[in-house]
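Undergrad:
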Amino acid sequence: MSKFILSLTAVATLCAAGSTQAESHHYVSSAKMIGQPIYGTQQERLADVNSIVINKDGTPLFVVAGVGGVAGIGESEVAIPWSAIKCDTKMKDEQLECHLSVPMTSKQFENAPKLEAAEYAELYDEAWLQKNAHFYAAEAPRDVAQTKDTICVSSCTGADVQTVGKNKPVATVESLAYDTATGKFEYLIIGYGGTVGIGRKYTAVPMENIQVKTDENECVCHIHLTEEQLEKQPVVTPANLPELELESVREKLELTQTVN
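For the sequence shown, this note's numbering assigns the number 991 to the initial residue and increments by one for each residue that follows.
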């Protein structure tokens, strides 16, 4: 299982900074996006979400989508710029979901540039990024080719989490929380405790307090909380994350997870 090193930095800025108190924050779990279909202008199913590529502050850059094939066999992949995707949120079974679409027909979509190199190397090739952006009539993300400063959400999911002074995992990454108000993945949702899923608890780690480092695809997650502090964090419900809509919960997550 991949591991991620996530180190909390000494940042005291609130998630809602720059927003008015009247602004509503609603959250969609990345688990509700991965595997979801992407539709075209005629509501035809064009592809399915395999992963989402974000930068380290949680800004989504691309949706990596699977096209064709059966049960993943014979499938090709494309990288749709996030700016070319429309995300319409709606409630389904009391949970917020994101209906994804792109403004093109299935015939047009057939010509989308394909991801063929190992580890999505095209996403760090400036010429390929420009060609891809042109196809979708979108703007290519800045500096991605130079910094390779990105996170693949599907790879992050399930990663072990270590805490201060421990070399053993104390939690796992459950998902990431997408804020419809900011258009960013603002939190990492982690699960800890329990036995065989029974009694398991979940909390949120603000993305703006996280530093992600990878080394040859080996990723380790480290948070600057003791196990005792982790137990005292606000608990969230991973399926629909209603607790994160409360400003008091978001503030407590920020203040209690800041490194002094």
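For every residue, glycine included, the Cβ atom is placed at its ideal position computed from N, Cα and C.
1. Can the beta-carbon of P1232 be found less than 9 Å from the beta-carbon of I1179?
2. When you compare only the Cα positions, how much space is there between Y1029 and P1071?
3. Cα-Cα, which of G1048, G1059, H1212 and Y1017 is closest to L1036?
4. With a CB to CB cut of under 6 Å and the five nearest residues on each side skipped, what residues in its chain are close to N1230?
5. Which term fits N1122, buried or exposed, when burial requires 16 or more other beta carbons within 10 angstroms of its beta carbon?
6. Starting from the N-terminal side, write out each stretch of the beta strand (DSSP E) that is 3 residues or longer and does not extend beyond the region 1036-1071.
7. Pick from E1065, K1022, R1240 and R1190: whose alpha carbon is nearest that of V1160?
8. Mind pulling the beta strand (DSSP E) runs of 3 or more residues that sit fully within the region 1135-1205?
9. On the DSSP bridge list, what partners appear for V1018?
10. Is the Cβ-Cβ distance between K1156 and E1217 less than 9 Å?
TA: On the basis of the coordinates in this document:
1. no
2. 15 Å
3. G1059
4. Q1085
5. buried
6. 1050-1057 and 1066-1071
7. R1190
8. 1140-1142, 1150-1153, 1161-1169, 1174-1182, 1191-1196 and 1200-1205
9. Y1168
10. yes
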